[in-house]
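J.:
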Amino acid sequence: MSQQRTRNFSIIAHIDHGKSTLADRMIQKCGLVTDREFRDQILDTMDIERERGITIKSNAITLPWRAADGRTYFLNLIDTPGHVDFSYEVSRALAAVEGVLLLVDASQGVQAQTLANLFLALEHDLTIIPVINKIDLPSADVEATKVQIIEDLGLDADEAVLCSAKDGTGVDEVLAAVVERVPPPEGDPEAEVRALIFDAAYDAYRGTIVFVRLKDGRLRPGMNIRLMNAGAVHKVEEVGVLGLKRRPQKELLAGQVGYVIAGIKSVSDVTVGDTLTDDDRPAPESLLGFREIKPVVFSSIYPMSTDEYPDLADALDKLKLNDAALTYQKDTSAALGFGFRCGFLGLLHLEVVQERLRREFDLSLLLTVPTVRYRIRLTDGAEVEIDNPAYYPDPAAIESAEEPFIKATIFMPEKYLGQVMTLCLERRGVNPRHNYTSPGRLEYTVEMPLAEILYDFYDRLKTVTQGYGSFDYDLLEYRDTDLVKLDILVNGEKVDALAQLVHRDKARPRAVQAVDRLKDEIPRQMFKIAIQGAIGSTIIARSNVSPFRKDVTAKCYGGDVSRKRKLLEKQKAGKKRMKQVGNVFIPQRAFLAVLKADQTE
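In C-alpha cells, the structure reads:
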C-alpha cells in the first residue's frame, strides 16, 4: 500500500448534519458490505449510539476506492461525533488525518458546532473540503447555504461538493474530491518508528488494542515496541487496518492508520497521545500528543452494593482507555460508602458514561448531584478550587467565591427569540446579543454561569424552540458569585451525599425540591422525622414524615379520663426517648429520587 495512494481524512459537522449517513454510503460505494449485511449507522458500534441517534466514539475504517484513473486508493476515514460534549474525540481524530470533509446541512445551514469544528481543523492546518448535504430535502436552499459558507466560514463555496447522503447522490464526487484535494501523508518508511496512539479499546481475549497513526517507519509482528511515555516494552502480535472487522496485515507503513495488538494486559500502560517506537531502534523524541483535557462537570459515582466497588474500579480503568476525557479519583461518603469522584466534559458525557458502565459492565450505580469547579478566596489570602461540597471551607473563612462562566451560542428561527431570552435570563444570563445569519434565522449569544446549564437547560431549550434550536458554548473566565453550601438534614443529621453547592438565589427552590422528594421516599417510623434544608445554621426548607400512632387507650373501657392521659403521656415519653437514639434508615431509592430530580426536572 503506497503512501501516494493513501488518504487520511475525517468527517466533521454539527449534530444531525449527516456524518454517519455519509460514512454509510461511502462504505457501500467501496463494496465493504453487501446490501444484505448493511445497517444504518454501521460505524456506530455501541447500542447507546443507535438508540440516541448520535455518534459518541470516533471510529476508523479503511476504504479501497477505484478512482477515475483506474488506480485503487486507500482512504482512511475517521468518523467523528457532532455533540459539543465529545469535541475532544474530534480533536484526537484530526491529529491523525491530513484533510476533512466539512458537512453543512442544506436546509439548516451553518450551525454552532460547524464553526467550532472548522476552527479545530484550522488549528491542525488541514485541507478543508466543504460538502453541502441533504440537497434532496424540499426545504433545501443550496444558494443560501453557499452564501453562509462564504460569509460565516470564509471558505470558497464554488469548491463545495453537493450530495445527498440519504439517497447516495454525489457520493462518488465526494470520494473523488478526497483523492484529488487531500494530500498524501508524509513520513519516511525507513526512519525510526514513530506512531501516535489516537485511541484504544480493551478486548477480554487479546488485551488492550491500540489504534495508531504511523508517522514514520514500519510496524511488523514480532517487533519489540516501547510506549515512550509509560516506558513499557511489549512484543507485537498482530498489526492491521480497520475494516468493519480488523484486517491483519504483514506490516503497517508510514502514513497508514491501523491497529496494533501486543499483549498489553495492563490497562494503565496505555495513554492516548503516547508514541509507539521500536525498542531496538528507538526514535530520538516522541510525537506531540494531545492537550490535557480539563473536565467541567463533576459527580461522585457509588456502587449500589459495596461488594461491587472493585468491579467499578476495574470498569472505570477500562472505560478510561476508550474515553480519554474521563477523569476520576477515589472518594468516600458516610452515607454511601466508597466510590469515585469523576470529571466529565458535560452532562451528556456524564449520562453516556453512566449508561456504558451499566450496560457494558452490568453495574448498578448511584450518582451525586453534578457540580462545577469553584474558586474560593480565603481571608488568609489562600485560594482553593473545590468541586465537592464535602470540601467546602468554613463560611467565616471565605472572603469571596468565583464560578466559571460560558459564552452560549444558540442558533434558532427568529420567532423563538422571546422564549429563549426568558429562559436565559432565568438562568442568570447577561450581555445578550443577537444577529441575523439569514432571513428568518438568527444567532443569539449570552454569557451564563456554567452551573446553570447543567441540569435541564438543553432539554428546556429544545422544548421552547420545538427542536429547532442548536446550542454550543465556550468557556470564559471565572466571575464573582454568591456561593452557599446547601445541606440536607434528616432527623437533625447532615446527609453528606445530598449536599450541594448552589447560588444563594437558587438554594431555596433546590432545598424545597429535595425535602419533598425525601418525604415521599423515607419510610415512616414510630416518631416524627424532620427533613430540613439548611445553609449553615439557617433552616430554609422543612418537611415532616408523620409517625405511626398506636392506639394505646384501646383497652380502656370507661373509667377516669386521667387513666387515658397517663397512657398517652407514657407513649409520648417513649417516642421522645426513641427519637433521641433512633437512626433513620434512608433507602437507596430516596437518594435516587432526589438526585434524579435534579437531573431531569
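Sequential numbering from -13 applies to the sequence shown in this note's numbering. Where is the CB? At the ideal position from N, CA and C, for every residue including glycine.
Exposed or buried, Ser532, counting other C-beta atoms within 10 Å across all chains shown (16 or more means buried)?
T.: Residue mapping note: residue 532 aligns to position 546 of the sequence shown, counting from 1. Per the 10 Å Cβ criterion, exposed.
J.: Let me check understanding here. Comparing Cα to Cα, which of Arg180, Arg206, Gly478 and Ala485 lies closest to Leu273?
T.: As a first step, residue 273 must be located in the sequence shown, where it is residue number 287. Considering only alpha carbons, the answer is Arg180.
J.: Out of Thr263, Asp309 and Gly193, which one is the CA nearest neighbour of Ser252?
T.: In the sequence shown, residue 252 corresponds to position 266, counting from 1. Closest by alpha carbon: Gly193.
J.: May I have the straight-line CA-CA distance separating Arg36 from Gln99, to the nearest angstrom?
T.: Reading the sequence shown from its first residue, position 50 is the one you call residue 36. Reading the sequence shown from its first residue, position 113 is the one you call residue 99. Its pLDDT being 48, under 50, Arg36 is placed unreliably in this model, and the value from its coordinates should be taken loosely. Near 21 Å, if we compare the C-alpha coordinates of Gln99 and Arg36.
J.: Give, in chain order, every unbroken run of the beta strand (DSSP E) that is at least 3 residues long and sits entirely within the region 351 to 414.
T.: Complete beta strand (DSSP E) runs here, min 3: 351 to 353, 360 to 364, 369 to 372 and 384 to 399.
J.: For Ala54, count neighbouring C-beta atoms within 10 Å of its own C-beta (all shown protein chains included) and say buried if the count is 16 or more, exposed if not.
T.: Along the sequence shown, one-based indexing puts residue 54 at 68. Ala54 comes out exposed.
J.: DSSP three-state call for Val633: helix, strand or coil?
T.: Because the chain in this structure spans residues -13 to 587, residue 633 falls outside the shown range and cannot be described.
J.: Work out the CA separation of Lys231 and Val258 for me, nearest whole Å.
T.: Here residue 258 is taken as the residue at index 272 of the sequence shown, counted from 1. Here residue 231 is taken as the residue at index 245 of the sequence shown, counted from 1. Whole-angstrom Cα-Cα distance: 22 Å.
J.: Just mark Asp189 as buried or exposed, buried being the case when its beta carbon has 16 or more other beta carbons within 10 Å.
T.: Position 203 of the sequence shown, counted from the start, is the residue given in the question as residue 189. Exposed is the call here.
J.: Using the three-state DSSP reduction, which class does Met12 fall into: helix, strand or coil?
T.: Residue mapping note: residue 12 aligns to position 26 of the sequence shown, counting from 1. Helix.
J.: State the Cα-Cα distance for the pair Ser456 and Met290, rounded to the nearest angstrom.
T.: Looking up residue 456 in the sequence shown gives position 470. Looking up residue 290 in the sequence shown gives position 304. Rounded to whole angstroms, Ser456 to Met290 spans 36 Å at the Cα level.
J.: Starting from Tyr444 and walking both ways along the alpha helix (DSSP H), at which residues does that stretch end?
T.: As a working mapping, residue 444 is identified with position 458 in the sequence shown. Its alpha helix (DSSP H) spans residues Phe443 to Val450.
J.: Where does Glu433 fall in DSSP's three states?
T.: Numbered from its first residue, the sequence shown carries residue 433 at position 447. Looking at Glu433 - three-state DSSP - the assignment turns out to be strand.
J.: Please determine if the region 255 to 271 and the region 138 to 155 are in contact, where contact requires at least 3 C-beta pairs separated by less than 8 Å.
T.: Touching, no, given that fewer than three Cβ pairs across the two stretches are closer than 8 Å.
J.: How would you write the range of the alpha helix (DSSP H) that Thr257 sits in, first residue to last?
T.: Residue numbering aside, residue 257 sits at position 271 when the sequence shown is read from its first letter. Element bounds for Thr257: n/a, residue is neither H nor E.
J.: Please indicate yes or no: does the CB of Val416 lie closer than 8 Å to some heavy atom of the ligand SAH?
T.: Within the structure as shown, the ligand SAH is missing, as the structure has no ligands at all.
J.: Under DSSP, the alpha helix (DSSP H) around Glu224 begins and ends at which residues?
T.: The residue labelled residue 224 in the question sits at position 238 within the sequence shown. Looking at the DSSP string, Glu224 is not in any alpha helix (DSSP H); the run it does join, the beta strand (DSSP E), is Glu224 to Leu228.
J.: Label Gln566 either buried or exposed according to how many other C-beta atoms from any shown protein chain fall within 10 Å of its C-beta, with 16 as the threshold for buried.
T.: Mapped onto the sequence shown, residue 566 falls at position 580. Reliability of the predicted coordinates at Gln566 is poor, the pLDDT of 46 falling under 50, and no value is obtained from them.
J.: Can you pull the DSSP bridge partners for Arg199?
T.: The residue you call residue 199 lines up with position 213 of the sequence shown. In DSSP, Arg199 forms a bridge with Leu182 and Val243.
J.: Taking the C-alpha atoms as reference points, what is the distance between Gly140 and Leu112?
T.: Residue 140 sits at position 154 when you count from the first residue of the sequence shown. Residue 112 sits at position 126 when you count from the first residue of the sequence shown. One C-alpha to the other measures close to 15 Å.
J.: Could you check what DSSP says for Ser291 in three-state terms: helix, strand or coil?
T.: Counted from its first residue, the sequence shown places residue 291 at position 305. Coil, per DSSP.
J.: Can you look up Thr31 in the DSSP assignment and give me helix, strand or coil?
T.: On the sequence shown, position 45 is the one that residue 31 refers to. Because the pLDDT of Thr31 is 49, which lies under 50, any placement of that residue in the model is unreliable, and the number read from its coordinates should be weighed accordingly. In this structure, Thr31 counts as coil in the three-state DSSP scheme.
J.: Looking at C-alpha atoms only, which residue of Glu159, Arg327, Gly156 and Ala368 is the closest neighbour of Leu353?
T.: Locating residue 353 in the sequence shown gives position 367, where the first residue counts as 1. Checking every option, the nearest Cα to that of Leu353 belongs to Arg327.
J.: For Leu228, which of Thr48, Tyr191 and Gln134 has the nearest alpha-carbon?
T.: Here residue 228 refers to the residue found at position 242 of the sequence shown. The residue with the shortest Cα to Cα distance from Leu228 is Thr48.
J.: Where DSSP assigns a beta bridge to Gln97, which residues make up the other side?
T.: Within the sequence shown, residue 97 is the residue found at index 111, counting from 1. Answer by DSSP bridge pairing: none, since Gln97 is not bridged.
J.: Just checking my contact of Pro381 with Gly522 at CB under 8 Å: how many whole Å lie between their CB atoms?
T.: Stepping through the sequence shown from its first residue, residue 381 is reached at position 395. Stepping through the sequence shown from its first residue, residue 522 is reached at position 536. Their Cβ separation, rounded to whole angstroms, is 6 Å, which keeps Pro381 and Gly522 in contact under 8 Å.
J.: Contact check, Val243 vs Asn477 under 8 Å by CB: the rounded distance?
T.: Within the sequence shown, numbered from 1, the residue matching residue 243 stands at position 257. Within the sequence shown, numbered from 1, the residue matching residue 477 stands at position 491. Wrong, their Cβ atoms sit about 60 Å apart, outside the cutoff.
J.: State the DSSP-derived secondary structure class of Phe284, mapped to helix, strand or coil.
T.: Start at 1 with the first residue of the sequence shown, and residue 284 comes out as number 298. Residue state, collapsed to three classes: strand.
J.: When the Cα atoms are used, what is the spatial distance from Ile(-3) to Pro281?
T.: To locate residue -3, count along the sequence shown from 1; it is residue 11. To locate residue 281, count along the sequence shown from 1; it is residue 295. One C-alpha to the other measures close to 25 Å.
J.: For a quick check, are the C-beta atoms of Arg167 and Ile115 less than 9 Å apart?
T.: Position 181 of the sequence shown, counted from the start, is the residue given in the question as residue 167. Position 129 of the sequence shown, counted from the start, is the residue given in the question as residue 115. In contact: Arg167 and Ile115 (Cβ atoms closer than 9 Å).
J.: Compute the beta-carbon to beta-carbon distance between Met398 and Thr451, rounded to the nearest angstrom, for a pair I have assumed lies under 8 Å.
T.: As a working note, residue 398 is residue 412 in the sequence shown. As a working note, residue 451 is residue 465 in the sequence shown. Indeed, because the Cβ distance is near 5 Å, the residues count as touching under 8 Å.
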